[in-house]
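The UniProt record's numbering puts the first residue of the sequence shown at 1, with every later residue one more than the last. Data first, discussion second: the structure below is written as structure tokens.
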Amino acid sequence: MRSLVGFVAVVAAASLYLYSLSLYLPAVPRRRPPHPSAESQHVATAESEQPPDSSEEASRLKFPSDLEELRELAELLQFYKAEHTGYVLLLYCSAYLYKQSFAIPGSSLLNILAGAIFGPYQGLLLACVLTTVGSTICYLLSQAFGKRYIVNLFPDKVSMLQNKVEDNQDCLFFFLLFLRFFPMTPNWFLNMSAPIVNIPITYFFCSVFIGLLPYNFICVQTGVMLSELSSLDDLFSWERLLQLLAIACVALLPGALIRRFSRRRLKLDERCPNGRGAEKKVQ
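Following this line, the structure appears as structure tokens:
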């Protein structure tokens, strides 16, 4: 009971912090049309003299649930980033760590958002670092508060993962990389169950950073392209199609190498990557 109370207190404190951060938006000038006409110049000047409506902008700060909301949020944060880069960076990092630490689905949309706001290089670095740090926080929270509850809720999955970890102790790091490239269990469950099955935190940390790099790369590049598209026709241009092909090749190469290594060294069922073979074995 004490562990549950402690976890609830941590979630409440983190939620309060994130909510407070989203409320105190910095003051910025109102957005104007790029080329106002002569007739609208007087109206635009009058509007610019009015104080910005921070409450309206704050109401748009929420976790995106689809691509349309993602584009609106990216546009808003790009506008704020021009004058308040530190605030946007802090807000993004806080929101990402909140989702990742508490195993809340939707990190893929935040990875796409990173590419749209921060660009391909800074966005990829942010996505990789935040994914790794957030997953490690989830690992530590599970170790401190959730062991008993996770075992009670998912006994078969924990037992299956425990057996696989024991079978691959001699090449545990490559086994963890394999799980990230070809998940036999969701990433959020692996983050929570890792301390229960005695995976060292150093192996866990490095495997998350390296193993999710291709996935983060694809998401960030998608965000970069979405921020540059003006219409769906642009997506089917030869330049975009070749760019998508290059992204796919870069992302698939590490997975192909890990898969080839796994066939020789790792002890896995043939149907293990999608989890079906493992579930039948447990039953």
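The beta carbon of each residue, even a glycine, is placed where N, CA and C say it ideally should be.
Put simply, the stretch 175–186 touches the stretch 210–228. At least three CB pairs are less than 8 Å apart.
Here residue 160 carries a helix assignment [DSSP, helix/strand/coil]. In terms of CA proximity to residue 129, 101 leads the group 101, 149, 184 and 143.
For residue 197, the secondary structure class from DSSP, reduced to helix, strand or coil, is coil.
For residue 80, the enclosing alpha helix (DSSP H) has its first and last residue at 67–81. For residue 63, the secondary structure class from DSSP, reduced to helix, strand or coil, is coil. No residue range can be given for residue 184, since it is assigned to no alpha helix (DSSP H) and is classified by DSSP as neither H nor E. Using a Cβ-Cβ distance cut-off of 8 Å, the stretch 60–67 and the stretch 100–119 are in contact, since at least three pairs of beta carbons, one from each stretch, lie closer than that value. Pairing residue 116 with residue 25 gives a Cβ-Cβ distance that is not under 7 Å. Judged by pairs of C-beta atoms under 8 Å, the stretch 134–142 touches the stretch 190–204, as three or more such pairs exist. Sequence-distant partners of residue 151 (beyond 5 residues in either direction) whose C-beta falls short of 8 Å from its own C-beta, in its chain, are 158 and 196. A residue is called buried when at least 16 other Cβ atoms come within 10 angstroms of its Cβ; residue 198 does not meet this threshold and is exposed. A distance below 8 Å between beta-carbons, with the five flanking residues on each side excluded, links residue 146 to the following residues of its chain, in chain order: 3, 7 and 192. Exposed is the label assigned to residue 62, since fewer than 16 other Cβ atoms lie within 10 Å of its Cβ.
Residue 5 sits exposed, since fewer than 16 C-beta atoms from the chains shown fall within 10 Å of its C-beta.
Closest option to residue 11, judged by alpha-carbon separation, among 103, 201 and 22: 103. Distances from the alpha-carbon of residue 181 to those of 9, 167, 215 and 221 put 215 closest.
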